[in-house]
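Written out below as structure tokens is the structure these notes cover.
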Amino acid sequence: MAERTAVTLTVEDGVAWITLTDPGRRNSLNPVLVTQLADACALVRADRDVRAAVLRAEGPVFSAGGDLDSLGTVPADPTAVYRGFEALAALPVPTLAAVHAPAIGAGVSFALACDVIVAGRSARFDPRFLDLAIHPGGAHLWRLEQRVGHQAATALILFGEAVTGEQAAQVGLAWRCVPDEDLPALVSAMAARAAGRPAPLVRRTKSVMALGRALTDPSAAADVEQVAQNWSVRQPEHLDAVRRVRDHVRR
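Oh and the sequence shown: position 48 is 434 in our numbering, straight run, nothing missing.
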């Protein structure tokens with residue numbers, strides 16, 4: 387029997403669209419979906435024509451998190467379930483999560499693995515790990531606190547709070563929340579904007595931003611940024627952009 391398709395990948399105009407297509411299992415972290423997500427990310431990483439990536443999902447739930455058929459048992463490799471998150475977070479291009487519906491438990495981790503989250507009004511973010519008496523994993527706590535700060539992360543994890551798409555935008559979990567029908571157009575426009583910029587510059591800028599999160603000294607961060615900036619001003623794309631701006635201003 388052929389393996390079901392739980393994740394699809396399409397590339398159009400430099401944007402990779404990674405879609406969770408397993409609504410029958412509520413896009414949960416089952417082995418098939420996790421493996422196919424990691425494989426899709428590997429293809430994106432290998433394709434130098436891809437300049438941005440979007441994670442989206444089909445069905446009434448963005449992701450229900452842990453697979454109910456697997457919960458309650460101790461797997462031989464407890465880290466295997468996180469391969470999809472890790473591959474998504476490691477992509478060198480800008481990544482967007484388009485959350486149109488509830489993200490539950492580890493389903494929130496799918497979104498947190500992306501650089502930017504955009505939510506529809508029907509979105510809901512509900513970690514609820516402790517309701518199942520399980521500790522969060524896969525760097526969920528680190529990514530959540532990086533995104534929303536200590537107080538909001540504590541409210542969501544330790545106090546069992548959940549937030550709507552609009553509330554997620556207010557606390558910084560999402561960049562924006564828009565009416566459901568406007569979500570695809572917004573995500574497409576944002577992805578196209580990122581994909582329209584010089585790919586080497588975008589990749590390098592993302593890598594420097596990641597390095598900067600590990601630094602505590604602004605002087606060290608300035609040194610890292612200076613090296614990248616010195617490289618960028620020598621690229622033909624920079625000279626072309628400056629020329630276009632000058633021509634526009636002098637008209």
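For each residue, glycine too, the CB sits at the ideal point set by N, CA and C. These figures come from a predicted structure and were not determined experimentally.
Give the single residue among the options whose Cα lies nearest to the Cα of residue i.
i	options	result
residue 593	570, 477 and 552	477
residue 389	401, 403, 421 and 414	421
residue 518	434, 602, 480 and 546	546
residue 623	608, 600, 583 and 636	583
residue 448	481, 596 and 490	490
residue 558	434, 427, 503 and 630	503
Closer than 8 Å, CB to CB, is residue i near chain C or not?
i	result
residue 408	Although the question refers to chain C, the structure presented lacks it and comprises just one protein chain.
Given this structure, state the Cα-to-Cα distance separating residue i from residue j, to the nearest angstrom.
i	j	result
residue 527	residue 539	8 Å
residue 497	residue 485	7 Å
residue 598	residue 568	33 Å
residue 551	residue 577	20 Å
residue 562	residue 613	32 Å
residue 488	residue 585	33 Å
residue 604	residue 446	44 Å
residue 574	residue 429	20 Å
residue 541	residue 556	14 Å
residue 627	residue 400	20 Å
residue 466	residue 424	11 Å
residue 520	residue 439	31 Å
residue 637	residue 625	19 Å
residue 607	residue 617	16 Å
residue 632	residue 619	16 Å
residue 396	residue 532	30 Å
residue 450	residue 410	11 Å
residue 635	residue 493	48 Å
residue 444	residue 483	13 Å
residue 602	residue 435	34 Å
residue 629	residue 426	38 Å
residue 600	residue 398	33 Å
residue 581	residue 615	20 Å
residue 579	residue 537	33 Å
Could you name the residues of the same chain whose beta carbon sits closer than 8 Å to that of residue i, not counting the 5 residues immediately before and after it, in chain order?
i	result
residue 543	513, 515, 516, 522, 527 and 530
residue 611	594 and 598
residue 621	584, 586 and 587
residue 433	397 and 402
Only counting the same chain, and skipping five residues up and downstream in sequence, which positions put a Cβ closer than 6 Å to that of residue i?
i	result
residue 524	468, 471 and 495
residue 408	392 and 419
residue 405	394 and 442
residue 499	471, 474 and 475
residue 453	414, 415 and 416
residue 554	505, 511 and 560
residue 481	439, 500 and 501
residue 590	614
Residue i and residue j look like a contact to me (Cβ under 8 Å); what is the Cβ gap, rounded to whole Å?
i	j	result
residue 560	residue 505	4 Å
residue 588	residue 437	6 Å
residue 548	residue 507	No, residue 548 and residue 507 are not in contact; Cβ-Cβ is about 15 Å, not under 8 Å.
Excluding five sequence neighbours on each side, which residues of the same chain lie with their C-beta closer than 7 Å to the C-beta of residue i?
i	result
residue 431	477 and 478
residue 609	none
Any idea if residue i is buried or exposed, counting beta-carbon neighbours within 10 angstroms, 16 or more meaning buried?
i	result
residue 565	exposed
residue 464	exposed
residue 403	buried
residue 501	buried
residue 534	buried
residue 596	exposed
Is residue i close to the ligand ADP? I mean its beta-carbon at under 7 Å from any heavy atom of the ligand.
i	result
residue 544	Annotation note on the ligand ADP: not contained in the displayed structure, which lists no ligands.
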